[in-house]
Amino acid sequence: MSIVLPLQQNASSVPPDEAERRQALDPACSFIVQAPAGSGKTGLLIQRYLKLLACVEEPEEVVAITFTRKAAAEMRQRLVAALASAQKAAHSSGAQEAEQESKHEKTTRTLAHAVLRRDAEACWRLADHPARLRIQTFDSLCASLTRQMPVLSGFGGQPETVDDASDLYLEAARATLALLDGDDAVAEDVECLLEHLDNDIGRIEKLLVEILALRDHWLRHVHVRERYELEAALRNARRQTLRRVRALWASHPPVAQDELLALVRYAGSNLANGASLSIEYERLGALDILPGCEEQDVFCWCAISELLLTRGGDWRKQHTVREGFPPGSGTKAEKEIAKSWKERALRLISQLAENDEGSLRQSLHDIRLLPPPAYTEGQWKILGSITRLLPYAVAQLKLVFQQHGKVDFTEVAQAALRALGDPEAPTDLALALDYRIRHLLIDEFQDTSISQYELVTKLTTGWEPGDGRSMFVVGDPMQSIYRFRQAEVGLFLRARAAGFGNVTLGPVSLSANFRSQRGIVDWVNATFASVMPQRENISTGSVRYSPSVAVRTALPDPAVSVHPFFNDDHGAEGAKVVEIVARAQRDENCSTTAILVRNRSHLAEILPRLKKAGLRFRAIEIEGLGRQPVVQDLLVLTRALMHPADRLAWFALLRAPWCGLTLADLHALVSAAPDQSDEASAPGTVQEGEENAGPGRGTVWEWLQDENRIAFVSADGYERLLRVRNVLKACMANRNRQSLRATVEAAWLALGGPACLEDEAGLEDASAYLDYLESHEEAGSIRSLAALEEGLTGLSALPDAKADGTLQIMTIHKAKGLEFDCVIVPGLGRLSRSDEKKLFMWMEHLRDEWPETEEEESGGRNDLLLAPIQETGSGSDPIYSWIEKLDDEKECLEDGRLLYVAATRARKRLHLLGSTGVISGNEGGAELRPPPARTLLSKIWPAVESFYREAAAKAVFSDPASCGDNKEQEARDKPVIDQSLRRLVSGWELPPAPRALQWEAGPSPLPPWREVEYSWAGETARLVGNIVHKWLQRIAEDGLADWNAARIIDLRDVFRRQLIACGAISTGKDDSDVAVKRVMAALTHAVSEPRGRWLLGPQQEARSELRMTGHIGGQYMDFVIDRTFRDVAGQRWVVDYKTSSHEGADMGEFLDREQERYRDQLDRYAALVQAVEGQPVRRGLYFPLLKGWREWGDET
């Protein structure tokens, strides 16, 4: 059933934070803006960028950084659109349009007009050169820095950056463990690690792979801390915990404190008699004030925890002699006294539980889990081995990167930091950037990693207040959900509190929500104010909730609906999702609906039901490639062709749709003995003397060659087996004679694999698998099939191409930044996946107080907690467990933010679905179990508990069997697995191949279509032109931001070698200097003068050296178009580069002659492009040596 939460009254349509938005546009100040979901932060960023553009000398002085290419492209597009809109408005009256504009749009238009005026004054020509707007991702910024300083960055030539470097991590891990063969200290550390983890090589390799991926976090820690520093951090962690619980006790009335002390004295006196810790218990008996926060006070606080809490951390409901409350012996009066003490204890606990929201109880329980104040010798030995070994693992990883010419994003970021140098000794690049960058804008700052934070710090080193430079940092810490990508929300809090170096960031908080209707906004405000912590904490990443004010009024229909389910009834939950989707598309006028899940596995009961209901959907990186039937069939075919003895693969191959052998035929094939005949015996019997030649002998492929064996299958099965055998015979004969990809693809096509597919998406999935197979192939084979299959789990199938996008399915993480009319969030009652153990745990904490000793002072203001993984076969490590608990607390905080992101994607409707437990109560009713702590449902449980209770009561009343664990009900609700056999029809034959295209070489074209001759210019000029063309293509593909005249000068020797290699010049000096200078002059002009920058800069649908074949004038002709693109107005251009030179005076007349000379060539290009696109095409000739330009034609 569903519970509809009530809506509030209509909200004001006037944004409540106009003053803050105006303040954020002050170019003289730096700001950090907290922008909650739907607050229009991108629009504010655009306005700030426009405001700064109107104040700078050059547009490159303003730099905007974001995290994704999509976000960067969107920001650039919106900036260009704002300028184009302002330009259009300037040439029209626009009075009616201006009246319809919102205040935000008017502000944007005003700022854009100011930029256009500045553009005209400074001759920027931004409309023609949008590449001068410096908007890039952190990754592209780091890559550009490493390209500019290849030596300092340690890269040399720029390597390829890969998203998934798992294979490279594994290779480095194996190389690290191979150091065991040495006779040095490193080999001893490897040996120590192997001994600690019971020589489990596979596990150690996996741990090293995982830890190398996270090296950005721990690498700076493993070199600089001594044992006394780390043990001081442990003692400080203990003091902080005691200080926290003592502060919580101090907030209670003195009467409660006195009562606690009395109970402690009573219990301590009783426990002191005959106890092994009698001295400590005697201290409890004399306790007259709350314990302090030092080491000697730990025992007292542990005793208080035992007095008040159960072993599981809940408030006690009874006390026994074990807690110091004997039943009383002797007289009745003594028993009454003992009973009264127990009642006093329960009364105190009741008062504490009533006034406590969990903080005191959890803090008391944490005291039991405190780490020891020092490492044992065994712990320190293995921790030392790990911290000494890891730098060698990183060094091995660098060697692997160099060997393969590939790096991950962490390596690029660290190389960029090296290229900038240290704050005390900045490099020339850092000094140059400090001069060029005047204003820095950063989007989504809550997702910043430590390396990215350090990069920003180095970029702003030397900035001073009032020097005309500014920072503008935008983000929402409440939407920080990317810890798995090394994002640290505490960095946002740190920047807001301390700024960057000498740059102080003024805090600005936005509150307007332009996305969601008021019903959703009010519910989110009321719910998440208690979900998120009340106090912010940089070290733990605690973020306080910041409420929003709805701009959109409430809709008449329900805004937020909660759909309760019980006892993991995922089938009913999936059916409800289908019902909600159908209703949203049918009745609620929702143009877009999204199903958002925490994990992909939560869709197991939803996707099949959506498909059965005929609801097409677009799954964004949801359905795994390895789960697609076509990929599973191809994987089976791969395994069978690689290993003929892999019976399971061969059985699956025979069951695949291209063969479709029935289970009866498969059983007959397996059971038949080699020499049986129909008259001799039945399948499965063994004749005398045939024990060694029974049905289990040989491979399946050998069975298929045995006519006697395959005769036992049905007539239809026999025909199918013959067809498969004939197809695979050639493949088996040619195994290992060509690439594995070619063999598998040829077999799949010949077997009829494409005919087994339902739609074109299957072909795309098959192609993706074959490409993946080829990338993992080594010498015609696969090193590890297990690794191949495991890698498939990280790949996603393409979404349904026939889905119109009205229904989308994705993870909550993927949905960040998007919005939908209707949002459905199922699986709230499901637990998250537990993290596996790491090689070592680390945690950096800000101290609550200044260091007390010189040794502690050397560690700075941060405490570092380190703990090695526990030894195989031993109990848990208390230090590791403590750090793991702290990490779990961070993860728990992020869970609340994750649910906030999901809820705030909705514009009109929000549906929440989750399951919790219900058991039969003592009186026949239902007893509701609270959801487990690590579920998203537990985060909002106080807000929805009453609705679950109402739903449980009604469910039990209508169906008593639904209460409790009902296996029969689960069996009824479990979806039936479709075991019907889908296969090609019997007698299917491969269709004939399409007729081959006949190439007819006709006579040469008429003179007007003939290519322009180069002979008049000389062979050297032609070869120089080829070199210039290749470099212009590279410049366009790299991006102009990385190219300038200085870089071209540095490439002088490269140009000379290329000219010598192609035969344009000899090694003599005279001819080489002339040719090299021509190449350098052409490229320098292209990257410097406005027309060249416009041509090579970012444009829509841009292509360089585009090869096309067309049928023109009755002939097939090949063309290569130097540059084609659409400009900001949507006009298609085809441009040809000409390296002509001219020594005469009348340059214009020469260019006119060249235009006529090449007119037919460009007209031919334009005709071909126009035939493809059906739109007008404009032609252009660019002369980089002469800085010349001619253009013509746009007629249809």
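Residue numbers (UniProt numbering): 1 to 1196.
Yeah, the Cβ is synthetic: ideal placement off N, Cα and C, and Gly gets one too.
Is residue i helix, strand or coil by DSSP?
i              : result
isoleucine 349 : helix
proline 942    : helix
proline 372    : coil
serine 601     : helix
proline 868    : strand
histidine 1111 : strand
aspartate 1136 : strand
serine 509     : strand
alanine 779    : coil
serine 1015    : Model confidence at serine 1015 stands at a pLDDT of 41, short of 50, so the residue's coordinates are unreliable; what they give is reported in the following sentence. Helix at serine 1015.
Verify whether the separation of the beta carbon atoms of residue i and residue j is less than 7 Å.
i            : j              : result
lysine 837   : isoleucine 869 : yes
alanine 72   : glutamine 136  : yes
valine 190   : valine 1128    : no
leucine 654  : threonine 743  : no
arginine 515 : threonine 553  : no
alanine 619  : isoleucine 809 : yes
leucine 193  : serine 329     : no
leucine 389  : valine 222     : no
glycine 574  : glutamate 605  : yes
residue 1197 : glycine 571    : The chain is shown from 1 up to 1196; residue 1197 falls before or after that span and cannot be answered.
leucine 937  : isoleucine 211 : no
alanine 559  : isoleucine 520 : yes
leucine 1181 : tyrosine 1158  : yes
Considering only the alpha carbon of each residue, which of the options lies closest to residue i?
i              : options                           : result
valine 1054    : Asp1073, Asp1042, Arg265, Ala1041 : Asp1073
arginine 134   : Leu441, Arg203, Pro1090           : Leu441
isoleucine 879 : Pro371, Leu219, Thr331            : Pro371
glutamine 240  : Tyr1158, Asn708, Ile367           : Ile367
alanine 24     : Met471, Gly914, Met1108, Glu758   : Met471
arginine 1178  : Lys1187, Tyr1165, Ala750          : Tyr1165
proline 373    : Ala766, Leu866, Leu168, Leu493    : Leu866
glycine 268    : His104, Thr1084, Ala286, Ala668   : Ala286
glutamine 452  : Asp1050, Ser140, Pro992           : Ser140
proline 547    : Arg1153, Glu1173, Pro36, Gly475   : Pro36
arginine 125   : Gln158, Glu58, Lys88              : Glu58
leucine 45     : Lys1138, Val63, Val56             : Val63
histidine 911  : Lys339, Val823, His104            : Val823
leucine 180    : Tyr169, Asp167, Ile201, Val162    : Ile201
valine 503     : Gly468, Gln486, Ala112            : Gly468
leucine 661    : Asn599, Val578, Gly698, Val724    : Val724
How far does the alpha helix (DSSP H) with residue i in it extend, from its first residue to its last?
i               : result
threonine 527   : 518-531
proline 391     : 377-404
threonine 331   : That residue, threonine 331, is in no alpha helix (DSSP H); it is neither H nor E in DSSP.
tyrosine 169    : 166-177
isoleucine 1035 : 1019-1038
leucine 653     : 647-655
glutamine 136   : Premise fails: glutamine 136 lies in the beta strand (DSSP E), 134-137, not in any alpha helix (DSSP H).
Can you say whether residue i is buried or exposed, counting buried as having 16 or more other CB atoms within 10 angstroms of its CB?
i                  : result
proline 130        : buried
phenylalanine 1183 : buried
isoleucine 304     : buried
glutamate 336      : exposed
proline 799        : buried
asparagine 1044    : exposed
glutamate 691      : Residue confidence is low: glutamate 691 scores 38 on pLDDT, short of 50, so the model does not pin down where it sits. Its coordinate-derived value is still stated next. Answer is exposed; the Cβ neighbour count stays below 16.
histidine 643      : exposed
Any chance the CB of residue i is under 6 Å from a heavy atom of the ligand SAM?
i           : result
alanine 575 : Absent from the structure shown: the ligand SAM. Ligands present: none.
Which residues bound the beta strand (DSSP E) around residue i?
i             : result
glycine 1188  : 1188-1192
glutamate 259 : No beta strand (DSSP E) holds glutamate 259; the alpha helix (DSSP H) holding it covers 254-272.
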